[in-house]
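Top to bottom, those sequences are chains V and E. Counted the way our numbering counts, the first sequence spans residues -3 to 508. Counted the way our numbering counts, the second sequence spans residues 246 to 594. Positions of the beta carbon are idealized from the N, C-alpha and C atoms, including for glycine.
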Amino acid sequence: MEKQPIIEMKGIVKVYPDGTKALKGVDLTVYQGEILGLLGENGAGKTTLMKILFGMLHPTSGRILIRGKEVQFRSPSDAITHGIGMVHQHFTLVEVFDALHNIILGMEGHGLFSRIDVKKAREKLQKLMNDLNFQVPLDVPVEDLPVGVQQRIEILKMLFRDIDVLILDEPTAVLTPIEVEELFRVLRHLKEEGKTIIFISHKLNEVIELTDRVTVIRKGEVIGTVETKTATPQLLARMMVGRDVVLRIEKPPKEAGEPILKVENLSVKGDRGEKAVKSLSFEVRAGEIFGIAGVEGNGQTELIEAITGLRKPENGRVYLNNVDITGKGPRELYGLGMAHIPEDRTHMGLILEMTVTENALLGLQWKRDFQRWSGVINWRRARGHAKSLIEEFDISAPGTEAPVKSLSGGNQQKLIVAREVSKAPVLIVAAQPTRGVDVASTEYIRNYLVKLRNEGKAVLLVSADLDEVVQLSDRMGIIYEGEFMGVVKPEEVSTEEIGMMMGGIRYEEIRK
Amino acid sequence: MKKSGSEILESLNIKALIESLIAIFIGFLIGAIVLGAFGYDPLSAYYWLFQGALGSTYGIASTLRYATPIMLTALTFALGTRTGIFNIGAEGSFYFGAIAAVIFTNIWANMWFGLAMGMLLGALWALPAAALKVYRGVHEVISTIMLNWIGWFFVLWLIVGPYANPNDPNKTIRIPIEARLPNIGYGLSIAIIIAVIAAALTYFLLWHTTLGFSMRASGMNPKAARYGGMSPKKAVMWSFILGGLLSGLGGAMKIMGEGPTYAISQGGANIYGFGFDGIGVSLVGRNHPLGIILAALFFGMLRAGTALMQAEAQVPLEIIKVIQGIIVITVAIPGLYDLIKKVARRGAA
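Here's what the structure looks like:
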């Protein structure tokens, strides 16, 4: 049977008001009943393209055809009427509502006193869930549900509106490996039911595992579309970044030296007073990358904040080079040789409205080198510093006086890494150092962390990207609810074993 | 140092300047329509406004004199917004600066002593709000408004009570002649020069010192500031203290620099409202010290032009106030818009 195109996008151009050309004439065809992967680096234009298809953005030019008929969407509700639904990277749920009310939200009718038939909605929803073998608790406020379940609610929200085409924007970014498997199962099931799925991702393995065809986008242009069967990770990576990417990191063996960071029985409370870190002990030695793997929200953030002086620990001690640094503030810690690449780039690592120079100076402002006289900043030196960071780390920035928000995510992250390394640290705490960063920058940053390790620095790496931790670490601890399920050498365990530890099973129990 | 001129302009932002100029034009335009609607000749009214404000040496002196106190209170507000707080306590600190000048120059008739004590009391009066904000999380708008009133009635009591002039009980005792600010001429004292220097120092503080860096960083992103080893709490403290100091200076100079009486007048009439006007000045000046100098001169001009507009163009005072209000609101809109956007974003984050 001839495949029927359900969606055709032709010559889509999107120019943002500030002149950025996000899409430069993109053609995209989606066939009925397939899973299409939309692969590209951050900022390639994947999300922009899909937001246009979903009616959230309007193309500067170009045509959209649904089942051969030209359409123009003024808003997402137009798209939904035509059977297109989208699940965003950031969820759009009302946190205090339960799943049921989140799902029917917006369908209450337009009359002032329209009644919502909750009972009928519940029945329909229950039937839908049964058909899909895909359950969510309907009566619990969504803020109390895990992220994976919240995502299912988003998907149900769309399916409830009888859509035929489901767009998913980086759906696996927030999920555990087990949740990813579950999601894939559901998506395959939806495909069998005749739904069409567009899967946005920059993760090669996932695209290969799940999709039927892959369209690769680079810098606002379609590079090509391939049948997934015939694709290899190398081929897709090359299409995505325009050159061969060494996805393996060169890491020569190295004997670790003296312990630099020592954490002893550290307990830390989370924002809601819960016990986030429970009497954790470990050390990071010179010339070693110690990785912490685990599903996000298992105490990593609190642990890092306690070590870097941003949160007061409840109990236990932290030593840096045998100096007790428990409860000391960031300023003192930087003086003692700590550098911190924070997990939250835009809210902590940088001040987006400030210039590149000002951001390059963040945390270094007291250094004698940058003071004209006590308390007065030497901006000439600071500019020179920024310039040298830009050159050394090959950061593409319009200039040292441009606001940092004008840099791409990858370049912002490189600026943070560059700045932290310029503190000449003995310990680098790197939290999610490559999250949301394009492939080329990721490669650069990972290799740089290895380089620091080879130079004899201690690196504490925390990442939700399991591949990253496994590839880079000399030793790794798998954290679950604030405790290590095991501290292992990555080459000595299988992915399955790591997955089990991330799910809360202790290493001793696995190896029994 | 050749580059510093362009640097200052960069921090001021050319776009903001052009927006403000367009806003001024629109403000005058709307004002003209209102004048026309009430049957007055807008051209003649505006002619006399500018004639009064800039047409004579006396007019210019008046413009500068009116500009002085609001320049300082605007700096207080700007220091606040740059640090991420909405400090409207300039009013209260202004009262205390004024009364401090009266009290302390009568203890030691020295100009510098009077100014210093004005600054000190102004800064002290900012402390409660600062401490409430930093240690108890009390919103500064609430605390400063309440403290403004507490300050107002306390100072009022001092005016009619202990420091009333026995020979002229409506007013306070006068600033001794030796302690008055030197007169440049046409009723203008050196206060304007001190105010401009204060603006320049504020600029220097914000953009060239480590403290200013941490104030601005805290204002834009307290989390990042803390990560950078700064203390947002300290930054907020300093913002209140230095802000109070500037308004205190404004209050002191208002009494020490303006004749003929060199005293606080009945019911505190000549010290009331400058803190509030300062908010408008700061918004028009985009919360930038150099923008504030220009904005204060603009406000001063509007006020100085009132007399001739009334006398020559026959526009009643009430209408003049309406026109001035319209112009000020129009001109403040771009700055207000920025501020609201900033607050909204912080709320969302």
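Rounded to the nearest whole angstrom, the C-alpha separation of E:I574 and E:V400 is 30 Å. Here V:M46 has L34, M82, I163, D165, I194, I196 as same chain residues with Cβ atoms under 8 Å from its own Cβ, once five neighbours each way along the sequence are excluded. When C-beta distances to chain V are compared with 8 Å, the residues of the region 458 to 475 of chain E below that value are F458, S459, R461, A462, M465, N466, K468, A469, A470, R471, Y472, G473, G474, M475, in chain order. DSSP places V:M52 in the coil class of the three-state scheme, outside both helix and strand. Near chain V, meaning a CB-to-CB distance below 9 Å, the residues of the region 422 to 454 of chain E are F449, W452, H453, T454. Beta-bridge annotation (DSSP): V:L456 is paired with V:F286, V:V425. Against E:L487, chain V offers no close residue; the least beta-carbon distance is about 14 Å (beta-carbon pairs closer than 7 Å). Of all residues in the region 342 to 367 of chain V, the ones placed with a Cβ closer than 8 Å to any Cβ belonging to chain E are H343, M344, G345, L346, I347, L348, E349, M350, E354, L357, L358, G359, Q361, W362, Q367, in chain order. V:D461 sits in coil when the DSSP states are folded into three classes, being neither helix nor strand. By the Cβ-count criterion, E:G513 is buried, with 16 or more other Cβ atoms from all chains shown falling within 10 Å of its own Cβ. By the Cβ rule, the region 501 to 508 of chain V does not count as touching the region 290 to 300 of chain V, because fewer than three pairs are nearer than 8 Å.
With contacts defined by Cβ atoms closer than 8 Å, E:A497 and E:A354 do not form a contacting pair. Proximity of V:I373 to chain E, defined by a Cβ-Cβ separation below 8 Å, is satisfied. Distances from the CA of V:D340 to each of V:G331, V:K447, V:Q428, V:I8 were compared; the closest alpha carbon is that of V:Q428. As computed with DSSP, V:M334 is found in a beta bridge with V:L423. At a cut-off of 8 Å, the C-beta of V:R327 has a neighbouring C-beta in chain E.
Boundaries cannot be given for V:L348, as no alpha helix (DSSP H) includes it and DSSP labels it neither H nor E.
Going by DSSP, E:S484 is part of the alpha helix (DSSP H) stretching over 477 to 502.
Comparing C-alpha distances from V:P229 to each of V:E189, V:S392, V:I204, V:E251 shows the shortest one belongs to V:I204.
Distance check between V:S469 and each of V:G478, V:T304, V:G405, V:K250 places V:K250 closest, using alpha-carbon atoms only. The beta-carbon distance between V:K187 and V:G29, rounded to whole angstroms, is 6 Å. This is short enough to meet the 8 Å contact definition. Using a Cβ-Cβ distance cut-off of 8 Å, the region 302 to 311 of chain E and the region 516 to 523 of chain E are not in contact, since fewer than three pairs of beta carbons, one from each stretch, lie closer than that value. The beta carbon of E:A443 sits closer than 7 Å to those of L317, L320, L491, L494, all from its chain and outside the five residues before and after it, given in chain order. In the displayed model, V:T430 falls within coil according to three-state DSSP, outside both helix and strand. The shortest C-alpha to C-alpha distance from V:M497 to any of V:T438, V:V92, V:V291 is the one to V:V291. It is roughly 11 Å from the alpha-carbon of V:L49 to the alpha-carbon of V:G79.
In this structure, DSSP gives E:N410 an extended state, which the three-state scheme calls strand. Listed along chain E, the residues sitting closer than 7 Å to V:L306 by beta-carbon distance are R471, Y472.
DSSP places V:I163 in no alpha helix (DSSP H) but in the uninterrupted beta strand (DSSP E) bounded by 161 to 165. Distance from the CA atom of E:I267 to the CA atom of E:I315, rounded to whole angstroms, is 23 Å. Secondary structure at V:Q0: coil, using DSSP grouped into helix, strand and coil. When beta bridges are read from the DSSP output, E:Y303 appears opposite no residue. For E:L456, the nearest CB of chain V lies under 8 Å from its own CB, placing it at the interface with that chain. Remark: three or more beta-carbon pairs, one from each stretch, lie closer than 8 Å, so the region 461 to 475 of chain E and the region 343 to 355 of chain V are flagged as touching. For V:Y444, no chain E residue has a Cβ inside 9 Å of its Cβ, as the nearest lies near 20 Å away. Ranking V:V170, V:E284, V:W362, V:R181 by CA distance to the CA of V:K199 puts V:V170 first.
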